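Worksheet: the structure to be examined is printed underneath.
There are 2 protein chains.
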Amino acid sequence: MTGLRERKKQRTRDALVLAAHQLFVTQGYDTTTVDQIAEAVEVSQRTFFRYFANKEEVALFVQDMTVRRFFEGVCARPLSEAPLECLRRTLDETWEDVGEAIEAITPLELYLRMCQVIEVTPALLAAHLRHSLLVEQKLVQEIARRTGLDPERDPRPRVLVAAFTGVMLSAGRHWGLRDGVSLEEARRVTREHVEQLGPALSADWRQDR
Amino acid sequence: MTGLRERKKQRTRDALVLAAHQLFVTQGYDTTTVDQIAEAVEVSQRTFFRYFANKEEVALFVQDMTVRRFFEGVCARPLSEAPLECLRRTLDETWEDVGEAIEAITPLELYLRMCQVIEVTPALLAAHLRHSLLVEQKLVQEIARRTGLDPERDPRPRVLVAAFTGVMLSAGRHWGLRDGVSLEEARRVTREHVEQLGPALSADWRQDR
DNA sequence: GAGGATAATGACAGCCGCTGACAATTGACA
DNA sequence: TGTCAATTGTCAGCGGCTGTCATTATCCTC
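Protein sequences appear in the order of chains A and B.
Here UniProt numbering is used: position 70 in the first sequence is 70, and no number is missing along the way.
Here UniProt numbering is used: position 72 in the second sequence is 72, and no number is missing along the way.
As structure tokens, this is what we get:
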């Protein structure tokens with residue numbers, strides 16, 4: 001099914017991601033040069049840029065994959081579910097799959113530490129937010145499709161998705177900036193945040209949680 | 001009150017912002033070099049980088065100012081208002097002030113066109129999102145202060161602010177990517193989106209708007 | 001299994017964003 | 001007016017990124 005050429009490319013790409021992650025995590029993103037990454041994999045700098053459009057991309061490669069998985073999960077849900085419910089359920093059910101997909105490329109612990117690097121590196125944080133926005137737009141299209149609304153005219157798909165992804169990013173950030181990070185902890189924090197979406201918007205916060 | 005030196009700096013900064021905006025709007029962000037901006041104001045490239053940390057900063061200078069105004073508006077509101085209400089009211093009441101503040105630096109129409117450039121330029125969009133995130137964090141602190149909650153423990157300030165700014169960014173984007181842009185239109189679109197925050201989260205979208 | 005078509009890589013040159021260092025100029029203030 | 005501090009220009013240089021072209025490696029067919 002896959003020729004030698006194809007497999008070799010895959011291996012090079014994975015090696016670049018792995019080497020980059022290790023360098024970023026140990027010595028920081030800004031202080032790591034593309035030359036160092038390329039050298040670690042024994043390819044030329046030019047080759048690196050044939051695999052990744054820029055330095056950010058290799059740092060966000062795994063991250064982007066997880067987000068893409070989430071989107072695909074949403075698309076696969078039954079149409080009977082209400083929009084918000086659909087997003088929430090997908091979140092709950094994609095978690096294990098994503099964990100496996102990550103470990104196919106890089107050790108889980110390395111990825112988790114990379115998440116922290118992303119949060120504290122302005123350039124990466126910015127790129128991460130932009131990438132999330134792209135998926136957000138695709139999500140709007142999907143929610144509109146599911147509900148049969150025109151995404152250009154009815155603001156509700158936009159509003160729902162914007163609020164939801166805003167909260168998810170916030171949760172991810174809150175989790176990533178803590179000391180101990182684990183997939184389970186991420187899941188817990190994210191769920192907690194999404195659950196608070198309704199209460200937080202209510203007029204009165206008097207009642208204790 | 002201000003010495004000659006001070007005034008000169010102010011003038012140089014404004015001139016750089018203005019020249020940059022004009023160049024960005026007419027020939028695009030990526031194709032405009034810092035050298036061109038510096039040359040238009042007749043300063044050295046090195047001087048440009050003494051006024052702005054990077055090329056993005058000059059492009060987002062006015063934008064950032066408006067966001068900062070909004071934040072200050074929130075801080076000035078009476079404590080009696082509920083969190084969401086406070087954000088909504090601030091939005092409604094800062095609009096004219098912001099318009100004036102913009103025109104003190106650059107023609108309004110130029111700024112509006114610059115907003116569109118930001119939306120279609122990946123690097124600027126990313127930086128814009130990151131800057132918004134910084135303000136988001138400050139907003140969380142402020143909302144927590146107003147409600148007397150611990151922003152580290154209670155997720156509601158985070159969740160509310162994340163949802164709110166997410167929707168605002170989405171509204172801004174929806175507005176900026178249209179053909180005709182005006183301040184009034186922006187206000188209308190933003191208000192509409194924020195108003196839909198509650199309905200969009202409800203389980204059932206059956207009822208027509 | 002030899003051949004040519006095609007794809008991946010390396011080497012090189014060069015642009016642009018950005019920074020450090022130092023000297024020259026300009027405004028502030030006694 | 002002279003001294004001090006702030007602002008600026010110049011220059012050298014690094015790192016991200018791209019175009020180009022020759023070289024090498026895989027693929028496919030006969």
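Yeah, the Cβ is synthetic: ideal placement off N, Cα and C, and Gly gets one too.
Keep in mind that this is a model prediction, so the values were computed, not measured.
Could you work out which residues of chain A lie near residue i, taking near to mean beta carbons separated by less than 8 Å?
| i | result |
| --- | --- |
| P78/B | Near P78/B there are no residues of chain A at all, since even the closest Cβ is about 15 Å away, more than 8 Å. |
Have a look at residue i and residue j and give me their C-alpha separation to the nearest angstrom.
| i | j | result |
| --- | --- | --- |
| T47/B | F24/B | 19 Å |
| A123/A | E192/A | 28 Å |
| R77/A | R69/A | 13 Å |
| V98/A | Q196/B | 32 Å |
| S202/B | L84/A | 8 Å |
| D92/A | R187/A | 8 Å |
| Y111/B | M168/A | 31 Å |
| E136/A | V194/A | 16 Å |
| R7/A | Q45/A | 21 Å |
| V43/A | M114/B | 41 Å |
| H21/A | Q10/A | 17 Å |
| V58/B | A163/A | 29 Å |
| A200/A | G198/B | 11 Å |
| T165/A | E39/A | 37 Å |
| V67/A | T2/B | 52 Å |
| R206/A | D179/A | 31 Å |
| A53/B | A53/A | 24 Å |
| E96/B | D204/A | 29 Å |
With respect to the alpha helix (DSSP H) encompassing residue i, which residues constitute its N-terminal and C-terminal limits?
| i | result |
| --- | --- |
| P157/B | R156 to G176 |
| D92/A | P83 to E103 |
| Q63/A | K55 to C75 |
| Y51/B | Q45 to Y51 |
| L23/B | L4 to Q27 |
| Q141/A | P122 to T147 |
| V181/A | No alpha helix (DSSP H) holds V181/A; DSSP gives it neither H nor E. |
| L201/B | L197 to L201 |
| E39/B | V34 to V41 |
Just to check my reading of the structure: residue i and residue j have Cβ atoms closer than 8 Å, yes? What is that Cβ distance to the nearest angstrom?
| i | j | result |
| --- | --- | --- |
| Q36/A | I118/A | Between I118/A and Q36/A the Cβ distance is about 19 Å, and since that is not below 8 Å, they are no contact. |
| T121/A | Y29/A | 5 Å |
| L133/A | L129/B | 7 Å |
| H131/A | L16/A | At roughly 18 Å, the Cβ-Cβ gap does not stay under 8 Å, so H131/A and L16/A are not in contact. |
| R158/A | S170/B | 5 Å |
| P151/A | V140/A | 5 Å |
| R13/B | Y51/B | 5 Å |
What residues from chain B crowd round residue i, counting only those whose CB sits closer than 7 Å?
| i | result |
| --- | --- |
| L4/A | The premise fails here: L4/A is roughly 35 Å from chain B at the closest Cβ pair, so nothing lies under 7 Å. |
| G166/A | A162, A163, T165 and G166 |
| E192/A | P155 |
| P122/A | R130 |
| L177/A | Result: empty, since nearest Cβ-Cβ is about 10 Å, beyond 7 Å. |
Return the chain-ordered list of same chain residues with a C-beta closer than 7 Å to the C-beta of residue i, the five sequence neighbours on each side being excluded.
| i | result |
| --- | --- |
| L79/A | R146 |
| T94/A | R69, F70 and G73 |
| M65/A | A101 |
| D55/B | First, the residue type needs correcting, since residue 55/B is Lys and not Asp in the sequence shown. So the list reads V34, once near-sequence residues are dropped. |
| E81/B | R89 |
| W175/B | V181, E185, A186 and V189 |
| E142/B | V74 and C75 |
| T32/B | L23 and F24 |
| L160/B | P83, L84 and I143 |
| K138/B | F71 |
Starting from residue i, find everything on chain B with Cβ-Cβ shorter than 8 Å and list it in chain order.
| i | result |
| --- | --- |
| Q196/A | P155, R156 and V159 |
| A126/A | A126, A127, L129 and R130 |
| L139/A | What L139/A touches in chain B: nothing, since even the nearest Cβ is about 11 Å away. |
Go through its chain and collect everything with a Cβ distance to residue i's Cβ below 8 Å, but skip five positions before and after it.
| i | result |
| --- | --- |
| R173/A | E119 |
| L177/B | Q116, E119 and V120 |
| R153/B | none |
| F49/B | V34 |
Could you name the residues of chain A that residue i contacts, counting a contact when the two beta carbons are closer than 7 Å?
| i | result |
| --- | --- |
| D204/B | A82 |
Using the beta-carbon of each residue, which ones in chain B are nearer than 9 Å to residue i?
| i | result |
| --- | --- |
| E85/A | A203 |
| T147/A | W205 |
| L169/A | L133, A162 and G166 |
Which same chain residues end up closer than 6 Å to residue i when comparing Cβ atoms and leaving out the 5 residues on each side of it in sequence?
| i | result |
| --- | --- |
| C86/B | R77 |
| A126/A | none |
| L18/B | T106 |
| V41/A | A15, L16 and A19 |
| Q27/B | none |
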